[in-house]
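2 protein chains.
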Amino acid sequence: MSTELRTRNVSKFFRHNGEFDWNHISPADYKPGDDSWKGVSRRVFIGETGESTRFHLRYFEVEKGGYTTLEQHQHEHVVTVLRGRGLAVVGCKEFELGFGDVLYVSPNDPHQFRNDNHDEPFGFLCVVNAERDRPRQADMAFCPICE
Amino acid sequence: MSTELRTRNVSKFFRHNGEFDWNHISPADYKPGDDSWKGVSRRVFIGETGESTRFHLRYFEVEKGGYTTLEQHQHEHVVTVLRGRGLAVVGCKEFELGFGDVLYVSPNDPHQFRNDNHDEPFGFLCVVNAERDRPRQADMAFCPICE
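Sequence lines, in order, name chains A and B. Residues in the first sequence are numbered consecutively from 393, following this note's numbering. Residues in the second sequence are numbered consecutively from 393, following this note's numbering.
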């Protein structure tokens, strides 16, 4: 697939090379540098390169000891685990996640993804709306799940 | 998770039981009976039970000898393979798919998913817009990919 095709709204194939690496996709930092997260990479498959979907498909990996920002926002997350194991914190609840598990994080639920102690990276697909609000630091004093 | 919670817009966890079966999700037929498809099951994780996403997440499995309808439509597909191997026909092209491969089918490209000769079911996630047009039989006389 040429760079020109890569950025058009045409059918596209991203072959998985067997080590959680894909043709035509490079990993990037999860976010610009701040100390709210650690050891997380981000790949965007669909949504930022000419596609017309109303959603984006991304893949995140969290290395041992890493974690995403503890945050909340109006838009939803739909996560499916592809690699390793990790922890999802959603409000006052914690879920141990492994291959194939599917987690829906509903609007405004505070959440974080962690890999506290697994040598294998914790890797998951995450689908979000294309149009979405900016995340904000989570207010853990109010948990919409247990209130 | 209670049935009442299952249908509300709250955070939800679908645990994978290790055999491509999940808590709280039952497989259904791919479509009402017609002879355009064979041996395909469908699970809807997100989008039809109270969630507010602008997309739906589904999981399809195609048994040996099975195939989805050869069809086309304005809405896009984003497919990620979780299980087995199979073939994607997209216009005049064919892609052999296996674990982790990601395929984007752009608007109006004719397409079909097949498992011609693998004993293991060919299983994949498929994300689509929540608001979408109805599929129609594919017109293979015109292939937008090679035209």
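Here a beta-carbon is modelled for each residue, glycine too, at the ideal position from N, C-alpha and C.
Per-residue burial, residue i [other beta carbons within 10 Å of its own, 16 or more giving buried]
i: residue 445 (chain A); result: buried
i: residue 394 (chain B); result: exposed
i: residue 424 (chain B); result: exposed
i: residue 464 (chain B); result: buried
i: residue 517 (chain A); result: buried
i: residue 483 (chain A); result: buried
i: residue 415 (chain A); result: exposed
i: residue 439 (chain A); result: buried
i: residue 515 (chain B); result: buried
i: residue 348 (chain B); result: Summary: the structure shown does not reach residue 348 (chain B), with chain B confined to residues 393 through 539, and so no result is reported for it.
i: residue 486 (chain A); result: exposed
i: residue 443 (chain A); result: buried
CB contact below 7 Å: residue i versus chain A
i: residue 433 (chain B); result: no
i: residue 452 (chain B); result: no
i: residue 519 (chain B); result: yes
i: residue 486 (chain B); result: no
i: residue 506 (chain B); result: no
i: residue 498 (chain B); result: yes
i: residue 416 (chain B); result: no
i: residue 514 (chain B); result: no
i: residue 407 (chain B); result: yes
Contact with chain B by residue i, beta-carbon distance below 7 Å
i: residue 524 (chain A); result: no
i: residue 481 (chain A); result: no
i: residue 403 (chain A); result: yes
i: residue 493 (chain A); result: yes
i: residue 510 (chain A); result: no
i: residue 449 (chain A); result: yes
i: residue 340 (chain A); result: Past the boundaries of the shown model lies residue 340 (chain A); chain A is included only from 393 to 539, so the question cannot be answered.
i: residue 465 (chain A); result: no
i: residue 445 (chain A); result: yes
i: residue 528 (chain A); result: no
i: residue 501 (chain A); result: yes
Assumed close pair residue i, residue j - CB separation to whole angstroms, cut-off 8 Å
i: residue 417 (chain B); j: residue 437 (chain B); result: 6 Å
i: residue 441 (chain B); j: residue 398 (chain B); result: 6 Å
i: residue 459 (chain A); j: residue 505 (chain A); result: 7 Å
i: residue 502 (chain B); j: residue 449 (chain B); result: Residue 502 (chain B) to residue 449 (chain B), Cβ: 23 Å. No contact.
i: residue 401 (chain B); j: residue 498 (chain A); result: 5 Å
i: residue 479 (chain A); j: residue 488 (chain A); result: 6 Å
i: residue 519 (chain B); j: residue 519 (chain A); result: 6 Å
Inset, instruction - Spell out a yes or no on whether the stretch 524 to 534 of chain B and the stretch 455 to 464 of chain A are touching, meaning 3 or more CB-CB pairs, one atom from each, closer than 8 Å. - result: Taking 8 Å as the limit for Cβ pairs, the verdict is that the stretch 455 to 464 of chain A does not touch the stretch 524 to 534 of chain B.
Legend entry - Inter-stretch contact at 8 Å, needing at least 3 Cβ pairs: the stretch 493 to 510 of chain B / the stretch 468 to 482 of chain B: In short, these stretches touch, since the Cβ pair count reaches three.
Inset, instruction - Determine contact between the stretch 428 to 443 of chain A and the stretch 503 to 510 of chain B, defined as no fewer than three beta-carbon pairs at a distance below 8 Å. - result: Taking 8 Å as the limit for Cβ pairs, the verdict is that the stretch 503 to 510 of chain B does not touch the stretch 428 to 443 of chain A.
Inset, instruction - Identify every run of the beta strand (DSSP E) within the stretch 421 to 500 of chain B, keeping only runs that are complete inside it and at least 3 residues long; order them along the chain. - result: For the stretch 421 to 500 of chain B, whole beta strand (DSSP E) runs of length 3 or above, ordered along the chain, are 430 to 438, 447 to 459, 469 to 475, 478 to 482, 485 to 489, 494 to 497.
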